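Peer 1: Can you read through this structure? Questions will come right after.
Numbering (the working numbering), first residue to last: 82 to 150.
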């Protein structure tokens with residue numbers, strides 16, 4: 082009886098460690114996903130600001146062209 086209980090305890094421990102490893106792997110994947118998403122959001126924000134600046138520059142050039150300068 083002692084051998085069966087010991088084997089069950091070892092199996093429960095190994096299952097618990099497997100669960101912890103699986104959870105850690107999933108957590109790592111989720112954090113990596115959010116890190117990449119944050120980089121993409123920052124890049125998109127910078128692209129929007131550049132596009133806005135270029136459109137403002139185009140408006141200034143067009144205004145000078147309309148004035149005949």
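All residues carry an ideal CB built from backbone N, CA and C; glycine is no exception.
Being a predicted model, the structure only gives us computed values, none of them experimental.
Just reading off the alpha helix (DSSP H) that residue 149 is part of, what are its end residues?
Peer 2: Looking at the DSSP string, residue 149 is not in any alpha helix (DSSP H), and its letter there is neither H nor E.
Peer 1: By how many angstroms is the C-alpha of residue 119 removed from the C-alpha of residue 107?
Peer 2: 18 Å
Peer 1: For residue 94 and residue 130, I'd like the C-alpha separation in whole angstroms.
Peer 2: 54 Å
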